[in-house]
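Enquirer: Let me begin by handing over the structure; questions about it come next.
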Amino acid sequence: MYKSVLFAITIVSLFPLLAGAKTLSIQVQDQDKQPLENAVIWVEQSEEEFIASQPAKLQPFIMDQINKQFDPYVLAVPMNSDVMFPNSDSIKHHVYSFSAAKPFELKLYKGSNHQPLVFNKSGVVELGCNIHDWMLGYILVVQSHILATSDQNGLVTLEQTNNATELKVWHPRFENKQLPLTYTIDNSKTEQIITITQPLLPDLRQYRQTDKFDAYE
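Under mature numbering (1 follows the signal peptide of the UniProt record, and there is no 0), the residues of the sequence shown are numbered -21 to -1, 1 to 196, in order.
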């Protein structure tokens, strides 16, 4: 389980909140004011709030494997979610995680022949492939049903934020991936810009290696 820190982030509110509105639109930027993809934003809920807001039926989340990459790169899920790991490639993968939040192993396989895994502990789950070393992905498990991940334009939309006063922010390029940032939200605004001012680590996905294991079919 992770803790959180309150630093290295600034926020600019753009527009006043409309009466009764419950949706918050956010643009996430890095320290150079460039859009930041794959940032997870959520409203931390108490145990009671989390249970009360549990959907009647929650479909399994999907962490696919496409073109020898995890897809999506970052998947954010509420605690107790089912996650499926289909392999859409024509070759086999061997998916694993050593993370404390969910250690597991899915040995060499293709297709969708594995049952969903339950992610019932909050924290960061780092994924790898035992065959293709460059494959890297993340599942962030949080105690919240109010969560979203920024797109390539750094945009996030959070629904049903109600009277939330704090937001959590996490990104795979944080130096300490176990520490999401925390900041106080001005809930009189509906649109805001978040600028993460701390330096980010390099994007490791650019260091893709040459595949030497195409024989695993």
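Think of the CB as a built atom: it goes at the ideal place given N, C-alpha and C, for glycine as much as any other residue.
1. Quick one: give me the first and last residue of the beta strand (DSSP E) that L83 is part of.
2. So L96 and L106 are supposed to be a Cβ contact under 8 Å. How far apart are they, rounded?
3. Would P57 and S123 qualify as a contact pair, given that the criterion is a beta-carbon distance under 8 Å?
4. DSSP has L179 in a bridge; who is on the other side?
5. Could you pull the DSSP bridge partners for residue 197 from this structure?
6. Reducing DSSP to helix, strand and coil, say where R184 ends up.
7. Assuming contact is defined by CB atoms lying nearer than 8 Å, are Q6 and I172 in contact in what I supplied?
8. For N109, which residues in the same chain have their Cβ closer than 7 Å to its Cβ, ignoring the five residues on either side in sequence?
9. For L134 and N66, I'd like the C-alpha separation in whole angstroms.
10. Using 8 Å as the threshold, is the C-beta distance between L37 and T140 below it?
11. Applying the 10 Å Cβ sphere with the 16-neighbour rule, what's the burial state of P159?
12. Buried or exposed for S25, please, with buried defined as at least 16 other CB atoms from any protein chain shown within 10 angstroms of its CB.
13. Look up E138 in the DSSP assignment and say whether it is helix, strand or coil.
14. Considering only residues of the same chain and omitting the five flanking positions on each side of Q44, which have a CB-CB separation below 8 Å?
15. In the DSSP assignment, what are the bridge partners of Y162?
16. Per DSSP, N92 is paired with what?
17. My guess is that A118 and E138 are in contact by the Cβ rule of under 8 Å, so how many angstroms apart are they, rounded?
18. To the nearest angstrom, report how far apart L146 and V22 are at their CA atoms.
Expert: Taking the geometry as given:
1. Along the sequence shown, read from residue 1 onward, the residue named residue 83 stands at position 104. Note on identity: in this sequence residue 83 is Phe, with Leu being the wrong assignment. Start and end: F83 to Y88.
2. Reading the sequence shown from its first residue, position 117 is the one you call residue 96. Reading the sequence shown from its first residue, position 127 is the one you call residue 106. Contact flag wrong, Cβ pair sits at about 11 Å.
3. In the sequence shown, the residue the question calls residue 57 occupies position 78. In the sequence shown, the residue the question calls residue 123 occupies position 144. Their beta carbons are under 8 Å apart, which means P57 touches S123 by this criterion.
4. Working through the sequence shown from its first residue, we reach residue 179 at position 200. Answer by DSSP bridge pairing: none, since L179 is not bridged.
5. The chain is shown only over -21 to 196; residue 197 falls outside these bounds and no answer can be derived.
6. As a first step, residue 184 is located in the sequence shown; it is residue number 205 there, counting from the start. In this structure, R184 counts as helix in the three-state DSSP scheme.
7. Position 27 of the sequence shown, counted from the start, is the residue given in the question as residue 6. Position 193 of the sequence shown, counted from the start, is the residue given in the question as residue 172. At a Cβ-Cβ threshold of 8 Å, Q6 and I172 count as neighbours.
8. Position 130 of the sequence shown, counting from 1, holds the residue named residue 109. If the five residues before and after N109 are omitted, its C-beta is found closer than 7 Å to the C-beta atoms of H73 and Y75, all from its own chain and listed in chain order.
9. Residue numbering aside, residue 134 sits at position 155 when the sequence shown is read from its first letter. Residue numbering aside, residue 66 sits at position 87 when the sequence shown is read from its first letter. Their backbone Cα atoms lie some 28 Å apart in a straight line.
10. Locating residue 37 in the sequence shown gives position 58, counting from the first residue. Locating residue 140 in the sequence shown gives position 161, counting from the first residue. No, these two residues do not count as a Cβ contact at 8 Å.
11. Position 180 of the sequence shown, counting from 1, holds the residue named residue 159. P159 comes out buried.
12. As a position in the sequence shown, residue 25 is number 46, starting the count at 1. S25 should be labelled exposed.
13. Taking the sequence shown and counting its residues from 1, the one referred to as residue 138 is at position 159. Coil, per DSSP.
14. By one-based count along the sequence shown, residue 44 stands at place 65. Within the same chain, Q44 has close Cβ partners D50, F64, P65, N66, S67, D68, H72, V74, C108 and M114.
15. For the purposes of this step, residue 162 is taken as residue 183 along the sequence shown, with counting starting at 1. DSSP output for Y162 lists L146 as bridge partner(s).
16. Numbered from 1 along the sequence shown, position 113 holds the residue referred to as residue 92. In the DSSP output, where bridge partners are listed per residue, N92 has none listed.
17. One-based indexing of the sequence shown puts residue 118 at position 139. One-based indexing of the sequence shown puts residue 138 at position 159. It is Ile, not Ala, that sits at residue 118 in the sequence shown. Their Cβ separation, rounded to whole angstroms, is 21 Å, which puts I118 and E138 out of contact at 8 Å.
18. Residue mapping note: residue 146 aligns to position 167 of the sequence shown, counting from 1. Residue mapping note: residue 22 aligns to position 43 of the sequence shown, counting from 1. Rounded to the nearest angstrom, the gap between the Cα atoms of L146 and V22 is 5 Å.
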